[in-house]
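Peer 1: With numbering that gives the first Met the number 0, letter number 134 in the sequence shown gets 133, and the count goes up by one each step, no holes.
Heads up, the beta-carbon is just placed ideally off N, CA and C, and yes, glycines get one too.
Computed from a predicted model, the values in this text were never measured in an experiment.
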Amino acid sequence: MLSMIWNGIQRVAAFLAGKYPAAVTDEPERSGSGITERDLSTPLAESPVDLSRWTVTEHVESPFEKAGRLYLEGDDLVIRSDLDRRGFRVPLVDVVAVLDGELKVVLRFGSEEEAGVVRLSVSGKAVNFVINPFLYTAPLTRVMDVLEGRARKAAVFVGREVGEG
């Protein structure tokens, strides 16, 4: 074992003294993995990418803030608000009338006390719940997902200035 180490030291010393010239070849030196240096490099003179078709879009904050959720419970559409802990409900028979454009009553959860009204938005793309002092809104497509069983619950929103104030 010592002789092998001694031979290795002598070969290194001879190389450093210049007795053995370094091998020069036209091929790049291969690494232990068999990948040549040529395979690892990429050319720098690639054609430039045209970015003129890209446009910068400013982020616009939504005027709405999530304030609760609505879901089905029994024969009611239940509205739970993070701003008002009471809880509200609309009987499903009234929800059908609301979808036809009528104005219906929102009741307090667990009682028959009137708390507000529910109606379609002017555009017909949302359901608005007016429960004093807030106007809650939910996208009609999300409400329909809940009513038709495609979703378990849907988000309810208020105007951002109301939710922050």
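Quick check on this structure: which residue in Leu-15, Asp-83, Met-143 and Phe-133 has the alpha carbon closest to the alpha carbon of Val-97?
Peer 2: Closest option to Val-97, Cα to Cα, is Met-143.
Peer 1: In the DSSP assignment, what residue or residues form a beta bridge with Val-48?
Peer 2: Answer is none; Val-48 lacks a bridge partner.
Peer 1: Secondary structure at His-120, three-state DSSP: helix, strand or coil?
Peer 2: Note that residue 120 is Ser in the sequence shown, not His. Ser-120 falls in the coil class under three-state DSSP.
Peer 1: Taking the alpha-carbon positions, what's the Leu-146 to Asn-131 distance?
Peer 2: C-alpha separation (whole angstroms): 25 Å.
Peer 1: Pick helix, strand or coil for Arg-107, following the three-state DSSP scheme.
Peer 2: Strand at Arg-107.
Peer 1: What residues in its chain sit with their C-beta under 8 Å from that of Gly-115, if we drop five residues either side in the sequence?
Peer 2: Phe-87, Val-104, Val-105, Phe-128, Val-129, Ile-130 and Asn-131, listed in sequence order.
Peer 1: Assuming Arg-68 is part of the beta strand (DSSP E), what are its boundary residues?
Peer 2: Segment 63 to 72, the beta strand (DSSP E) holding Arg-68.
Peer 1: Please go through the same chain and pick out, in chain order, the residues whose beta-carbon is closer than 7 Å to the beta-carbon of Phe-14, but skip the five residues on each side of it.
Peer 2: Hits under 7 Å: none found.
Peer 1: Which of the three DSSP states is assigned to Arg-79 in this structure?
Peer 2: Strand.
Peer 1: For Tyr-70, I'd like the list of residues in its chain whose CB is within less than 7 Å of its CB, leaving aside the five on either flank, ordered along the chain.
Peer 2: The residues are Val-77, Val-145, Arg-151 and Lys-152.
Peer 1: Check for me: the alpha helix (DSSP H) holding Asn-6 runs from which residue to which?
Peer 2: Run containing Asn-6: 1 to 15, per the alpha helix (DSSP H) assignment.
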